[in-house]
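These notes are about the structure you will find just below.
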Amino acid sequence: MASPFYVTTPLYYPNAAPHIGSTYTTVCADTFMRYHRAAGEETLFLTGTDEYGEKMVESAAAEGLEPKQFVDRMAARFQEIWGEIGIQYDRFIRTTDADHDRAVQHLWQTIYDRGEVEFRDYTGHYCVGCERYLIERELEQGKCPQHQTEPEIRSESNYFFRMSAHFEWLISQLENNPQLITPDRYRNEVLSLLRSGALDDLCISRPRDRLAWGIPIPWDESYVTYVWTDALVNYLTGAGYPDEPAWEERWSGVHHLIGKDILKAHAIFWPTMLHAAGIPLYQALHVHGYWNMDNVKISKSLGNLVDPLIMKEKYGFEAFRYYLLREMSFGLDTDFAEAGLVQRVNADLANDLGNLLNRSVSMLGRYFDGVVPAHEGESPLREVAERVTGDVDRHMRAFRTQRALAALWELVGAANKYIDSEAPWQLAKDPDQRERLATVMAEVLECVRVIAVLLESFLPHASARIIESLGDTPNAGSLAERLRWGELAAGTQTRKIEVLFPRIEVT
Ligand SMILES: [Zn+2]
318 MASPFYVTTP
328 LYYPNAAPHI
338 GSTYTTVCAD
348 TFMRYHRAAG
358 EETLFLTGTD
368 EYGEKMVESA
378 AAEGLEPKQF
388 VDRMAARFQE
398 IWGEIGIQYD
408 RFIRTTDADH
418 DRAVQHLWQT
428 IYDRGEVEFR
438 DYTGHYCVGC
448 ERYLIERELE
458 QGKCPQHQTE
468 PEIRSESNYF
478 FRMSAHFEWL
488 ISQLENNPQL
498 ITPDRYRNEV
508 LSLLRSGALD
518 DLCISRPRDR
528 LAWGIPIPWD
538 ESYVTYVWTD
548 ALVNYLTGAG
558 YPDEPAWEER
568 WSGVHHLIGK
578 DILKAHAIFW
588 PTMLHAAGIP
598 LYQALHVHGY
608 WNMDNVKISK
618 SLGNLVDPLI
628 MKEKYGFEAF
638 RYYLLREMSF
648 GLDTDFAEAG
658 LVQRVNADLA
668 NDLGNLLNRS
678 VSMLGRYFDG
688 VVPAHEGESP
698 LREVAERVTG
708 DVDRHMRAFR
718 TQRALAALWE
728 LVGAANKYID
738 SEAPWQLAKD
748 PDQRERLATV
758 MAEVLECVRV
768 IAVLLESFLP
778 HASARIIESL
788 GDTPNAGSLA
798 ERLRWGELAA
808 GTQTRKIEVL
818 FPRIEVT
């Protein structure tokens, strides 16, 4: 039996509501899950919140709340927002869930039993923002390069995972499996980091008397887990580790999606932890860049948030979703600009797709009472559709939504061009051209149907409405069957639908 397609987002820090970065990762995961599900594969889609650690205690205290009260409220807010924008995850996991405690303790006990953990005294530069000690060479002018703050000097005894003992192994994995981290630039970045000697072993604990908000270290309850130590394990918890018999099978199909800011934890901490526990590596880590505004990363600390609900209210969520999936070249930083969004939506959705849909269904209504005519001949559209279907599949399996959508829009363009060149309005004037008109209209409508089926994982709502207007049922049957040319039967009654993506007027 084939591995299920198991896709994860990072567990988001719920110290602020979702913004464009977390929305983007989650929308991508949702799109890939829908594509694999439509292709008939078993799928599992995991997202959630990372709720332990010092930063969460501080955020809760700032609002006068206990940590648990604070994270309960924030986790509910995340679920509500994902619900409102139609994200179909299988599980929303919280690191405070009971089965996650169990998974974390089991994993670390296993690593400890294999002799991979040591107790050491340590004095170092501790960055509160990073929630870890930084080593000397990571500092830039005495400051944490990520937070631009001076770390505190702290001293304590802690448990350390002998991570550096696995670096040679990890280097060989990365060299021998180029698909392990994509795009390739991030694999190279990790390789140079590993070879630089800048990394050491990983402190995995915090004394409980200082920080009680964490999962107890199973062999020494006077310590709790350091935040990454526990959060990364969620991907195993979500597969059912360690108690569900099917966990290994689910795990074998796992793909992680992350933003590049958490590359090190996912590309170095996580694989070495898995290796130390004797668990196979993930299938692949897919790393995307930042959404910038005027070349500055959009983040909560900068306060220039792009709120997904405001985007939904202003433009409709699928217009925003389309922009996210089409605009960002996966792996590269991308500028977010509302003017660009408006342009994209007007050009691709209102003009190209909207006109195709509107005029093809209108003309069918005018010339054939909205009923798909029987026809003999064939158009050049079939060939384009079959090529594009293959291209979309290839790009989706390589986790490249922008390329898949660009390919799909070649088909939209080909259909519009075919209408222009065949000019059904001319054919309709000549009774001798009735058969030709039937062929042109039936082929165009068939092409619209294939476009709608291919659009399903990207814009599920719009796709369903197009498919319904063609007298069909959305999501019925396997993707391969539904993409077969000629499935739209003669005699099908179509009906006009309201404009899917109205033109956005710039005020
Ligand atoms: Zn820091």
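Start counting at 1 in the sequence shown, then tack on 317, and there's your number in our numbering.
Beta carbons: idealized from backbone N, C-alpha and C, even for Gly.
This one's a predicted model, so the numbers in the text were calculated from it and none came from an experiment.
Relative to ligand 1, the beta carbon of C520 is positioned no closer than 7 Å to any heavy atom. Unbroken alpha helix (DSSP H) runs of no fewer than 4 residues, entirely contained in the stretch 514 to 566, are found at 544 to 548, 551 to 556, following chain order. In this structure, V729 is the residue among V659, V729, Q743 with its C-alpha nearest to the C-alpha of L762. Here I627 is exposed: its Cβ has fewer than 16 other Cβ atoms, across all protein chains shown, within 10 Å.
The beta carbons of T366 and R411 sit closer together than 8 Å.
Per DSSP, the beta bridge partners of S472 are T440. Contact check for T326 against L574 passes: the beta carbons are separated by less than 8 Å. The three-state secondary structure of Q426, taken from DSSP, is helix.
Unbroken alpha helix (DSSP H) stretches of 4 residues or longer found wholly inside the stretch 742 to 802: 751 to 772, 777 to 786, 796 to 799, given in chain order. Taking C-beta atoms as the reference points, V689 and T809 count as a pair closer than 8 Å. In this structure, DSSP gives Y684 a helical state, which the three-state scheme calls helix. Residues close to ligand 1 by the beta carbon criterion (under 5 Å to any non-hydrogen atom) are, from first to last along the chain, C444, G446, C447, C461, Q463, H464.
Leaving aside the five residues that flank L328 on each side, the residues in its chain whose CB is nearer than 6 Å to its CB run, in chain order, G365, T366, D367, A548, N551. In this chain, the alpha helix (DSSP H) harbouring A656 covers 655 to 661.
A distance below 8 Å separates the beta carbons of F716 and H603. Proximity to L553 across D669, G570, Y540, A334 peaks at G570, based on C-alpha coordinates.
The beta-carbon distance between L519 and F478, rounded to whole angstroms, is 5 Å. This is short enough to meet the 8 Å contact definition.
Check the Cα spacing between E739 and each of A654, A724, W726, T756: the tightest is with T756. With a cutoff of 8 Å on beta-carbon distance, Y406 and Y476 are scored as not near each other. The DSSP-derived three-state label of R717 is coil. In the DSSP annotation of this structure, the continuous segment of the beta strand (DSSP E) that includes M610 starts and ends at 608 to 610.
Taken atom to atom, the span from the alpha-carbon of V662 to that of M590 is near 44 Å. Three or more pairs of CB atoms, one per stretch, sit closer than 8 Å, so the stretch 787 to 801 contacts the stretch 343 to 358. Contact between H592 and W486 is confirmed by a C-beta separation of about 6 Å, below the 8 Å threshold.
In the three-state scheme derived from DSSP, where H, G and I count as helix and E and B as strand, V421 is classed as helix. When DSSP reads this structure, T364 sits in a beta bridge with F409. Here E815 carries a coil assignment [DSSP, helix/strand/coil]. Put simply, of T542, L649, Y330 the residue whose alpha carbon is nearest the alpha carbon of D418 is T542. Measuring C-alpha to C-alpha distances from V421 to each of E727, I521, E760 identifies I521 as the nearest. If you ignore the 5 residues before and after R502, its C-beta comes within less than 8 Å of the C-beta of G648, all in its own chain and listed in chain order. Taking all protein chains shown into account, T499 has 16 or more neighbouring C-beta atoms within 10 Å of its C-beta and is therefore buried. Where T326 is concerned, the enclosing beta strand (DSSP E) starts and stops at 322 to 329. Looking only at Q463, V767, N672, W726, the smallest Cα-Cα distance to K581 is reached by Q463. Residue pairing for I498: DSSP places it in a beta bridge opposite L602.
Assignment of E457 by DSSP, reduced to helix, strand and coil, places it in the strand class. Counting only the Cα atoms, V623 lies some 26 Å from H583.
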